[in-house]
Amino acid sequence: MVSDRPEGHVRDSFEQRRRLLVSGGATVIALLAALTPRPASAISWRNKLALFRRAFPVQPDRTEALRMVDYVVDGRAPRADLVTLEIPDLVENGEVVPIKISVDCAMTADDYPQIVHIFALDNPYPEVARYHLFPENGDAEIDMRCRMRKSSEIVAVAEMSDGSVGVAERHVDVTLGACS
Amino acid sequence: MKPAIRPLLAAAFLLVFTIAQSYADETAAVRSGYYYASPETKAIQDDSFANPGTLWVEAGEARWNQKDGSKGKSCNGCHDDPETLAEAVTGYPKYEPALDKPLTLGQRINRCRVSHMDAKPYAPESEPLLSLEILLRAGATGRPMQVAIDGPMRPTFERGRQLYFQRRGQFNLACHQCHDDRPGEFVRGERLSEGQVNNFPAYLLRWSGVGSAQRRFQLCDAQARAEPRAIWSDDYVALEVYVAHRGRGLPIEAPAVRR
Amino acid sequence: MKAIRRISVPKKVKKDQVFTVRTLARHKMEPGVRFDADRFVVTPRHLLQEVLCHYNGQLVFRAEWFSAVSANPYLTFKVKAVESGEIKVTWIDDYAVETFAAAAIEVIDDPKS
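Residue numbers (this note's numbering), protein chains in the order written: chain A, 1 to 180; chain B, 181 to 439; chain C, 440 to 552.
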């Protein structure tokens, strides 16, 4: 019976020739493909690599950014109306996004923002800045300019001296991204 | 109406219309790019402390007073303050008889360095050159641009006009399609301006630094997916002459902040 | 001297009045992610990492900056006027190089307030 034939055993010369043709042909084709000179490409390999590198820059990770915010907030319930973020809704160029952060507090030893964290959720590196304030500041108001790669949210977290926390978030539309 | 007058009237109307049309491309609405910028960008430009372009103006001032070259001269030595050159600055790009070609302000500064200071010319778009250029333009701020296009400048002007209306690049775009026909409209999220050069060299947010009109032309070409040409190439100088004349009367604005 | 750091404070303030300190630094703030196709390298990171403000020697403000701060960084914060003296802002970069700008401030004791 045909099915009793052991593995690899050739039944007849037709099968033998067929097998030789298939295996030999495959070898010849592979050899020809390897040895055929390639046509000159319009884009050099160096430029292809450069385009690849530019097309796949450091990717933003929103989950990671939110994890960072959660780490700072540390499970505390954010106080309402503590932190105000003034940012334009639409910016022409992500290179310069003017931000104004203000924290509504008495600026006394037991009621001042010790650290104000700023995050941009869809940036490749979400941390923007950390500001350490003191009661000597009189008012907790900071003006700065940040970079955003794409339309995203800016999150400000203020850690107060009495252990409470305030969070503010604003969405910004960016037409031209930064860092390209 | 007498029958003889009608063809005369028609001819007169046609003549006036043709003359008016020939001026049409040169008397389009003339507004600086400031008009088309976003409120935030305008706010940065208006604040002389926070305007980053002023850092370049200050650097230019330091360089203006710096001695350079084997003759040990500084710009200050011959020219006193940059404001004294304000009237001359409004005319650039200007024809240089000795070289029989027009020169941009940057090229003219280099020429000064080589011939009068015996110093090496600055590389195109280099920091020191841009600092000096923006210093001179800051000294001339408020004065209207007046680039001469008569006499030996005429061929350059015509070449510039030809380039302005010439389609280029994979997008097959000509300058006038965006900047004459559609200023104020949006192209992929960017608001089109009239493409004036009264504000160059300007601080562009995308460059995080100061660049000249020549560099902006390179970006324009790249945005139309055309091959950018060299800084100070004949084509770009001719284009700058045409665009500067097209915006004649616009006050020079320096240091300007643009997208 | 090339313009690199800039500071602005009001010349005279009343005691206990809160005034604004405005600063501007000329710095590329290179984030370290931009790819330069001509040189075929990622442009290396070079940032201003820390900004300190000392009011007559006492630290009154500290900023830690990361790559998302704009080039030629602009920063404004508030300080309460206590006594006449000097407001000094120091910028420290990735390589621990310190640059500073200082301004004098005069605090007027207002007997009426």
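Idealized CB from N, CA, C, for every residue including glycine.
Any beta carbon from chain C within less than 8 Å of residue i's own beta carbon?
i, result
"Pro60/A", "no"
"Leu90/A", "no"
"Ile210/A", "Examination of residue 210/A is not possible in this model, given that chain A is present from 1 through 180 alone."
"Leu133/A", "yes"
"Phe345/B", "no"
"Pro277/B", "no"
"Leu142/B", "Beyond the ends of chain B as shown, which are 181 and 439, falls residue 142/B; an answer cannot be given."
"Glu206/B", "Only weak support exists for where Glu206/B lies, its pLDDT of 49 falling under 50; the value from the coordinates is given anyway. Judged by the 8 Å Cβ criterion, Glu206/B is not in contact with chain C."
"Ala230/B", "yes"
"Leu235/B", "yes"
"Cys105/A", "no"
"Gly166/A", "no"
"Asp139/A", "yes"
With respect to the alpha helix (DSSP H) encompassing residue i, which residues constitute its N-terminal and C-terminal limits?
i, result
"Ser275/B", "In the sequence on display, residue 275/B carries Tyr and not Ser. Segment 274 to 276 is the beta strand (DSSP E) holding Tyr275/B; no alpha helix (DSSP H) there."
"Arg396/B", "393 to 403"
"Phe337/B", "334 to 344"
"Thr482/C", "First-last for Thr482/C: undefined, no H or E at that position."
"Ser447/C", "From DSSP, Ser447/C is part of no alpha helix (DSSP H) but of the beta strand (DSSP E) over 444 to 447."
Just to make sure I have the definition right: I need the residues of chain A whose C-beta is within less than 7 Å of the C-beta of residue i. Which are they?
i, result
"Phe565/C", "This structure leaves residue 565/C out entirely; chain C is present only between 440 and 552."
"Val472/C", "Pro57, Val58, Pro124, Cys179"
Check whether chain B comes within 8 Å of residue i, counting only Cβ atoms and requiring the distance to be less than that.
i, result
"Leu176/A", "yes"
"Leu463/C", "yes"
"Glu95/A", "yes"
"Pro78/A", "no"
"Lys453/C", "no"
"Arg170/A", "no"
"Asp532/C", "no"
If you measure from the beta carbon of residue i to each beta carbon in chain A, is any gap under 8 Å?
i, result
"Leu514/C", "yes"
"Val457/C", "yes"
"Ala542/C", "no"
"Arg501/C", "yes"
"Lys519/C", "yes"
"Tyr203/B", "Because the pLDDT at Tyr203/B is just 49, under 50, the model does not fix this residue reliably, and the point stays unresolved."
"Leu189/B", "no"
"Thr221/B", "yes"
Examine the ligand ATP and report whether any of its heavy atoms sits within less than 7 Å of the Cβ of residue i.
i, result
"Phe366/B", "Of ligands this structure carries none, so the ligand ATP is not represented either."
So which residues on chain C does residue i lean against when the C-beta distance must stay under 8 Å?
i, result
"Ser388/B", "Lys467, Met468, Ser509, Ala510, Asn511"
"Glu64/A", "Chain C residues near Glu64/A: none, gap ~14 Å exceeds 8 Å."
"Ala120/A", "Ala507"
"Asp173/A", "The contacting residues do not exist; Asp173/A stays about 17 Å from chain C at best."
"Glu136/A", "Tyr494, Gln497, Val499, Val518, Lys519, Val521"
"Arg145/A", "Val508, Ser509, Pro512, Tyr513"
Quick one, which of the options has its alpha-carbon nearest residue i's?
i, options, result
"Asp110/A", "Leu32/A, Leu31/A, Ser164/A", "Ser164/A"
"Glu537/C", "Val460/C, Ala464/C, Asp455/C", "Ala464/C"
"Ile118/A", "Glu525/C, Glu503/C, Lys454/C", "Glu503/C"
"Pro388/B", "Glu489/C, Ala476/C, Ile443/C, Ser509/C", "Note that residue 388/B corresponds to Ser in the displayed sequence, not to Pro. The shortest Cα separation from Ser388/B among Glu489/C, Ala476/C, Ile443/C, Ser509/C belongs to Ser509/C."
"Met333/B", "Leu430/B, Lys274/B, Asp414/B, Arg439/B", "Lys274/B"
"Asn137/A", "Ala541/C, Gln488/C, His485/C, Gln456/C", "Gln456/C"
"Ile101/A", "Leu66/A, Leu82/A, Ala120/A, Glu86/A", "Glu86/A"
"Asn123/A", "Pro78/A, Arg19/A, Leu66/A, Arg79/A", "Leu66/A"
"Val167/A", "Val157/A, Ser161/A, Arg18/A", "Val157/A"
With residue i as the anchor, note down where its beta strand (DSSP E) starts and where it stops.
i, result
"Met68/A", "That residue, Met68/A, is in no beta strand (DSSP E); its alpha helix (DSSP H) goes 62 to 73."
"Ser152/A", "152 to 160"
"Ile531/C", "524 to 532"
"Pro113/A", "113 to 120"
"Gly87/A", "For clarity, residue 87/A is Ile in the given sequence; the question names Gly instead. Run containing Ile87/A: none; DSSP gives neither H nor E here."
"Lys517/C", "513 to 519"
"Pro98/A", "97 to 103"
Could you work out which residues of chain C lie near residue i, taking near to mean beta carbons separated by less than 7 Å?
i, result
"Arg187/A", "Absent from the model: residue 187/A. The displayed extent of chain A is 1 to 180, so no value can be given."
Residues of chain B with CB under 9 Å from residue i, in chain order?
i, result
"Ser523/C", "Ordered by position in chain B, no residue passes the 9 Å Cβ test against Ser523/C, which lies about 23 Å from the chain."
Whose Cβ in chain B lies nearer than 7 Å to the Cβ of residue i?
i, result
"Pro113/A", "Those do not exist, as Pro113/A stays about 24 Å from chain B at its closest Cβ, beyond 7 Å."
Can you pull the chain A neighbours of residue i, defined as C-beta to C-beta under 8 Å?
i, result
"Arg339/B", "Within 8 Å Cβ-Cβ: nothing; Arg339/B doesn't reach chain A, min ~31 Å."
"Ser218/B", "Pro88, Leu90, Val91, Glu92"
Determine whether the Cβ of residue i lies closer than 8 Å to any Cβ atom of chain F.
i, result
"Glu407/B", "Considering every chain present, this structure includes no chain F. Its protein chains are A, B and C."
Please list, in chain order, the chain A residues whose beta carbon lies closer than 9 Å to that of residue i.
i, result
"Arg438/C", "Absent from the model: residue 438/C. The displayed extent of chain C is 440 to 552, so no value can be given."
"Leu372/B", "Here the premise fails: no neighbours, minimum Cβ distance about 12 Å."
What residues from chain C crowd round residue i, counting only those whose CB sits closer than 9 Å?
i, result
"Leu399/B", "None at all; the shortest Cβ gap to chain C is about 15 Å."
message = For the structure I just gave you, are there three or more beta carbon pairs, one from the segment 290 to 306 of chain B and one from the segment 223 to 239 of chain B, closer than 8 Å?
response = no
At least three beta-carbon pairs within less than 8 Å, the segment 400 to 415 of chain B to the segment 447 to 455 of chain C = In short, these stretches do not touch, since the Cβ pair count stays below three.
key: Touching by the beta-carbon criterion (3+ pairs, under 8 Å), the segment 404 to 414 of chain B and the segment 526 to 544 of chain C   = no
key: Three CB pairs or more closer than 8 Å across the segment 255 to 272 of chain B and the segment 319 to 332 of chain B   = yes
Touching by the beta-carbon criterion (3+ pairs, under 8 Å), the segment 151 to 164 of chain A and the segment 92 to 107 of chain A = yes
ask   = How about the segment 420 to 428 of chain B and the segment 369 to 381 of chain B: do they share at least three Cβ pairs that are nearer than 8 Å?
value = yes
message = Does the structure place the segment 427 to 435 of chain B close enough to the segment 525 to 533 of chain C that three or more beta carbon pairs sit under 8 Å?
response = Output reads no: the segment 427 to 435 of chain B does not touch the segment 525 to 533 of chain C.
At least 3 beta-carbon pairs within less than 8 Å: the segment 75 to 90 of chain A vs the segment 167 to 174 of chain A = Of all C-beta pairs linking the segment 75 to 90 of chain A to the segment 167 to 174 of chain A, three or more are shorter than 8 Å, placing the two stretches in contact.
message = For the structure I just gave you, are there three or more beta carbon pairs, one from the segment 241 to 261 of chain B and one from the segment 295 to 315 of chain B, closer than 8 Å?
response = yes
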